[in-house]
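Read top to bottom, the protein sequences are chains L and F.
Under the numbering used here, the first residue of the first sequence carries the number 23, and numbering increases by one thereafter.
Under the numbering used here, the first residue of the second sequence carries the number 3, and numbering increases by one thereafter.
Where a beta carbon is used, it is the ideal one built from N, C-alpha and C, also for glycine.
One structure is given below, encoded as structure tokens.
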Amino acid sequence: MNEYILEVKNLTKIFPGVKALDSVNFKIKKGEIHCLCGENGAGKSTLMNVVSGVYPHDSYEGKVFLHGKETNYKTVKDSEQDNLAIIHQELALSPYLSIYENIFLGHIKSKTGIINWKQLIIDSKKLLKKVGLNENPETIVSKMGVGKQQLVEIARALSKNVELLILDEPTSSLNDVESEQLLQLILELKKEGITCIMISHKLNEVMEVADSITILRDGQTICSYDCHNENITEEIIIQGMVGRDMTHRYPEQDHKVSSDTIMEVKNWSVYHPEYPDLAVVKNASFNLKKGEILAFCGPMGAGRTELMMSIFGKAYGSHCSGELYIKGEKREYHTPKDAITDGLGYVSEDRKELGLILIQSVRQNISNSSLKKLSKLGVIDKHKELEEANNFKKSLNIKTPTVEQTVKNLSGGNQQKVVLSRCLLAEPEIFIVDEPTRGIDVGAKYEIYCILEDLVKQGKSVIMVTSEMPEAIGMADRIYVMNEGKIKGQLLKGDATQEKIMTMALTGKKE
Amino acid sequence: MNKSNSFTDAVKANLRNYSMFIMLGIIMLGFAILTNGVNVSSRNFTNIFVQNSYILVLAVGMVMVIIIGNIDLSVGSVAAFTGAISVIVYNAGVGMFFTIIITIICGLIIGAFQGYWIAYVKIPAFIVTLAGMLLFRGLTYIITNVTPITPKLDSFKQIAIGTISGNIFTITRMVEKRGKMVEQNFYLLPVIIAIIAIAIMLYFAFSERNKKIKNDFSVKPLSYFITEQVVISVLILIIGIQFANYRGIPEVFILLAITIGIFTFITKNTIFGRYIYAVGGNSRSAKLSGINSEKVTFFVHMIMGGLCGVSGILFTAYMNSALPDAGNLFELDAIAASFIGGASASGGIGTIIGAIMGGLIMGVINNGMSLMNIGANWQYVVKALVLLFAVWYDIYTRKKSGMV
Numbered sequence: 023m024n025e026y027i028l029e030v031k032n033l034t035k036i037f038p039g040v041k042a043l044d045s046v047n048f049k050i051k052k053g054e055i056h057c058l059c060g061e062n063g064a065g066k067s068t069l070m071n072v073v074s075g076v077y078p079h080d081s082y083e084g085k086v087f088l089h090g091k092e093t094n095y096k097t098v099k100d101s102e103q104d105n106l107a108i109i110h111q112e113l114a115l116s117p118y119l120s121i122y123e124n125i126f127l128g129h130i131k132s133k134t135g136i137i138n139w140k141q142l143i144i145d146s147k148k149l150l151k152k153v154g155l156n157e158n159p160e161t162i163v164s165k166m167g168v169g170k171q172q173l174v175e176i177a178r179a180l181s182k183n184v185e186l187l188i189l190d191e192p193t194s195s196l197n198d199v200e201s202e203q204l205l206q207l208i209l210e211l212k213k214e215g216i217t218c219i220m221i222s223h224k225l226n227e228v229m230e231v232a233d234s235i236t237i238l239r240d241g242q243t244i245c246s247y248d249c250h251n252e253n254i255t256e257e258i259i260i261q262g263m264v265g266r267d268m269t270h271r272y273p274e275q276d277h278k279v280s281s282d283t284i285m286e287v288k289n290w291s292v293y294h295p296e297y298p299d300l301a302v303v304k305n306a307s308f309n310l311k312k313g314e315i316l317a318f319c320g321p322m323g324a325g326r327t328e329l330m331m332s333i334f335g336k337a338y339g340s341h342c343s344g345e346l347y348i349k350g351e352k353r354e355y356h357t358p359k360d361a362i363t364d365g366l367g368y369v370s371e372d373r374k375e376l377g378l379i380l381i382q383s384v385r386q387n388i389s390n391s392s393l394k395k396l397s398k399l400g401v402i403d404k405h406k407e408l409e410e411a412n413n414f415k416k417s418l419n420i421k422t423p424t425v426e427q428t429v430k431n432l433s434g435g436n437q438q439k440v441v442l443s444r445c446l447l448a449e450p451e452i453f454i455v456d457e458p459t460r461g462i463d464v465g466a467k468y469e470i471y472c473i474l475e476d477l478v479k480q481g482k483s484v485i486m487v488t489s490e491m492p493e494a495i496g497m498a499d500r501i502y503v504m505n506e507g508k509i510k511g512q513l514l515k516g517d518a519t520q521e522k523i524m525t526m527a528l529t530g531k532k533e
Numbered sequence: 003m004n005k006s007n008s009f010t011d012a013v014k015a016n017l018r019n020y021s022m023f024i025m026l027g028i029i030m031l032g033f034a035i036l037t038n039g040v041n042v043s044s045r046n047f048t049n050i051f052v053q054n055s056y057i058l059v060l061a062v063g064m065v066m067v068i069i070i071g072n073i074d075l076s077v078g079s080v081a082a083f084t085g086a087i088s089v090i091v092y093n094a095g096v097g098m099f100f101t102i103i104i105t106i107i108c109g110l111i112i113g114a115f116q117g118y119w120i121a122y123v124k125i126p127a128f129i130v131t132l133a134g135m136l137l138f139r140g141l142t143y144i145i146t147n148v149t150p151i152t153p154k155l156d157s158f159k160q161i162a163i164g165t166i167s168g169n170i171f172t173i174t175r176m177v178e179k180r181g182k183m184v185e186q187n188f189y190l191l192p193v194i195i196a197i198i199a200i201a202i203m204l205y206f207a208f209s210e211r212n213k214k215i216k217n218d219f220s221v222k223p224l225s226y227f228i229t230e231q232v233v234i235s236v237l238i239l240i241i242g243i244q245f246a247n248y249r250g251i252p253e254v255f256i257l258l259a260i261t262i263g264i265f266t267f268i269t270k271n272t273i274f275g276r277y278i279y280a281v282g283g284n285s286r287s288a289k290l291s292g293i294n295s296e297k298v299t300f301f302v303h304m305i306m307g308g309l310c311g312v313s314g315i316l317f318t319a320y321m322n323s324a325l326p327d328a329g330n331l332f333e334l335d336a337i338a339a340s341f342i343g344g345a346s347a348s349g350g351i352g353t354i355i356g357a358i359m360g361g362l363i364m365g366v367i368n369n370g371m372s373l374m375n376i377g378a379n380w381q382y383v384v385k386a387l388v389l390l391f392a393v394w395y396d397i398y399t400r401k402k403s404g405m406v
């Protein structure tokens, strides 16, 4: 009997211009939870895509063994036959179908070609109970939150008698409660003998569930740890991931907050784009000082993003009400263009859909907001454009062979740097960043914090919307806590703790 | 890396960009063999441009519409309508110049009308232009009374068939044709213009390259660069000599060259051009980047309308009358030209020159098959296969180079 359910030997995978995996070796024991850590672009997702047959057998060099037998997958379907399931970061559910239809999509069992829907509903109920999802199987999945959709994906995997479950950053879009539920479920599944590979950037989660850990860096396996025999700390993992000591997770802060208020928002309400009577943000009032980093914390759906986007030229919502003052003067922005012209910058939490134009080059993405500055009489000065793009490539350390590379081929952290560059080039006075470090590895996170710190040192102001409380506590001068569309209160630097933020979000009280 | 290696590398890296030219070359060569060289004769060469001019003009506009992620089904009807307007205006006696201006303005208004519904009311372009297709066909029938209208004077026709030959620079030779000695003219003017064009092109190419080197940006290897310039120069010269051997530069060709030049410049070098690609690549992202997507969409459709006006004049001049059924299926030819030329159906990708190449590929096939006396029914079949093959090839190479 083979002790290892999965073995990867000398795996090399090359994309045009990039060596994504470089003779990777990797072993998974049967029945364990194995966490895969590494910076963005380290090759974690690529490795899992090779294992699960997303990349066909002859597109890489090296060997993959499942149960000691070499695999020869042409498509994902082949790997499913071997009871292997992968759940990607971006969920792959059909949004307008119900839960049970999604669970059995693609592998409905029927003898005659006629589907027994009732039986499927009964079967799906069992599966939903197993994953702890208390929903009617006939619910349409798009009406549920991401956390629940994630559970449907797992139920789908279970319905296929999965033995090896691969989860690619399963908690990246979940809140704390949902994440915890998911981790418990994974531990539950382990008891049933299901082997699990989890990719995660959240080290506390890794520490909580992992039996063993493999660290990838620049497409190579750096080391593997057995969590039960070795004394593993978050610091050791981080060190392995970035290849250096990470004593500071946040840059040294020595910026001075001025007493001048640069922006003030009064009684701002935002209404849902489809249901104009529904207020998503209610009477929010806050102010921002020159040279200050302001954080907005709160659970998912608190209305933080909606508030910021609506201020940024009504980019969200059917309509909004309230008053906005910039340097004491009342302003009204009808489009994001007005806001940008007036010195605001906004980095969206949704890089791929709202931040970037994926099919365009790094250069084009960077210049898109500042073409007026780079041109004369409407004609673009391409040399100047190229120069600016190269400057940002250097100063923000964007890892790409050239600035002509399509943004799609960059890793998450580098894509985020491209969005930041685009906003920086427009030279905003007020910089709104929405989840600036979501799905980004520790090293790149630090670099992004440094960029923000640099900005406030230059006297610019930053509003940071974040779901990661340590980040808010580590970076912000003041923290506004939001929940249920309302600003519940504010905490000052030094005074804020995770407990205080949570209490304030849930009860509105300071202690 | 040694020199020959970097040369072949550069060729490989840029092969995709030239695939359309190579394809056109192969097709021309193929028909040259099949028709004993008739299709590349000077006379036929001129004809290909004249016969396809009205489609090529539409393709220029259509590719921009496709880049922003839309489609325009109304162009055939709008071309018919503006064509009819042009004859009516011309017959009222305002002269050719004002006829052209009025017709183009009429096209721009129609484009703006459709663009308004698409950009600001947010009705899908497919539906708006489908309505436009019916609307302007109907209006064409109404204003023409379903009978052809003929221009009162011949000068209208000149737009399509006229040439600029520059008689001062003409060399007349006697050549033998079917046993008789005939006078044949060689017009030097097209060759002179071709040489001037080459000189201007080389000047800009070299100064651009030097500026890049000065700023320490990466450039293509010198050997590759020179080869590229030589090939382009030779092609321009061949076109010049072809025109010189027949009747000089067709006026239509000049109009086409100007249109292509203007819109290539706009799409490649201006803010507006960049906005077109940004809106097509991801309109929500573009909007958050501070781009007024609605305005861009509106103007692209308006420009399309204006180019329909140009196309309408050209077709009317070519037929020497405004036909009620003019422009039938033009929209499909223009759309096919854009896709053969490498535009992406999901928007954000495409070039003017690609669409022109696509239009020429179809034009050369049509023309070649007509010369071989193959009927229209088979021409449809072949065009369909070419469209499928070209788009498949485009997707295939894009995948291979990691662009998808």
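Runs of alpha helix (DSSP H) with 4 or more residues, each lying fully within the segment 30-80 of chain L, are found at 66-73, listed in chain order. Looking from the CA of residue 179(L), the closest CA among 213(L), 157(L) and 110(L) belongs to 110(L). Here the alpha carbon of residue 338(L) sits roughly 15 Å from the alpha carbon of residue 354(L). For residue 444(L), the C-beta contacts it makes with chain F under 9 Å involve 291, in order along the chain. Taking a 10 Å sphere around the C-beta of residue 356(L), we find fewer than 16 other C-beta atoms and assign the residue as exposed. The shortest C-alpha to C-alpha distance from residue 340(F) to any of 81(F), 29(F), 177(F) and 73(F) is the one to 73(F).
Using a CB distance cut-off of 7 Å, residue 400(F) does not count as an interface residue toward chain L. With respect to chain F, the C-beta atom of residue 367(L) has no partner C-beta closer than 7 Å.
Scanning its chain for C-beta atoms nearer than 8 Å, with the 5 sequence neighbours on each side dropped, one finds around residue 528(L) the residues 505, in chain order.
Around residue 405(L), the beta-carbon contacts reaching into chain F at under 7 Å are 213 and 217. Any Cβ of chain L closer than 7 Å to the Cβ of residue 69(F) would place that residue at the interface, and such an atom is absent.
Put simply, the CB of residue 170(F) is far from chain L, with every gap to its CB atoms at 7 Å or more. Under the 8 Å Cβ criterion, the segment 199-219 of chain F counts as touching the segment 233-248 of chain F, having at least three qualifying pairs.
Residues of chain F whose Cβ lies closer than 7 Å to the Cβ of residue 394(L) are, in chain order, 273.
Residue 366(L): member of the beta strand (DSSP E) spanning 366-369, first to last residue. Pairing residue 486(L) with residue 524(L), the inter-Cα distance amounts to about 17 Å. Between residue 345(L) and residue 288(L), the C-beta gap is smaller than 7 Å, which places the two residues in contact. Bounds of the alpha helix (DSSP H) holding residue 438(L) are 434-447. Taking a Cβ-Cβ threshold of 9 Å, none of the residues of chain F is close to residue 41(L); the smallest such distance is about 13 Å. Here the alpha carbons of residue 335(L) and residue 363(L) stand approximately 11 Å from one another.
For residue 345(F), the secondary structure class from DSSP, reduced to helix, strand or coil, is coil. Counting only runs of 4+ residues, the alpha helix (DSSP H) found wholly inside the segment 44-125 of chain F occupies 44-69, 77-93 and 98-121, in chain order. As summarised for the segment 294-346 of chain F, there are no continuous beta strand (DSSP E) elements at least 3 residues long confined to that stretch. The count of Cβ pairs closer than 8 Å, one atom from the segment 208-215 of chain F and one from the segment 146-166 of chain F, stays below three, leaving the stretches out of contact.
For residue 320(L), no Cβ of chain F is located within less than 7 Å of the residue's own Cβ. Burial check for residue 497(L): the Cβ neighbour count within 10 Å reaches 16 or more, so the residue is buried. Using a Cβ-Cβ cut-off of 7 Å, residue 345(F) does not count as an interface residue toward chain L, since no Cβ of chain L sits closer than that to its own. For residue 176(L), the enclosing alpha helix (DSSP H) begins and ends at 168-181. Annotation for residue 472(L): the continuous alpha helix (DSSP H) segment containing it runs 464-479. For the C-beta of residue 358(L), the chain F residues within less than 8 Å are, from N- to C-terminus, 289, 290, 291 and 292.
At a cut-off of 7 Å between beta-carbon atoms, residue 350(F) makes contact with chain L. For residue 193(L), there is no enclosing beta strand (DSSP E), as DSSP marks it with neither H nor E. Counting C-beta pairs closer than 8 Å gives fewer than three between the segment 176-185 of chain F and the segment 222-232 of chain F, which falls short of the contact rule. Not flagged as an interface residue toward chain F: residue 480(L), since no C-beta distance is shorter than 7 Å. In this structure, DSSP gives residue 375(F) a state outside helix and strand, which the three-state scheme calls coil. For residue 276(F), the neighbours in chain L by C-beta distance under 8 Å run, in chain order, 386, 389, 390, 393 and 402.
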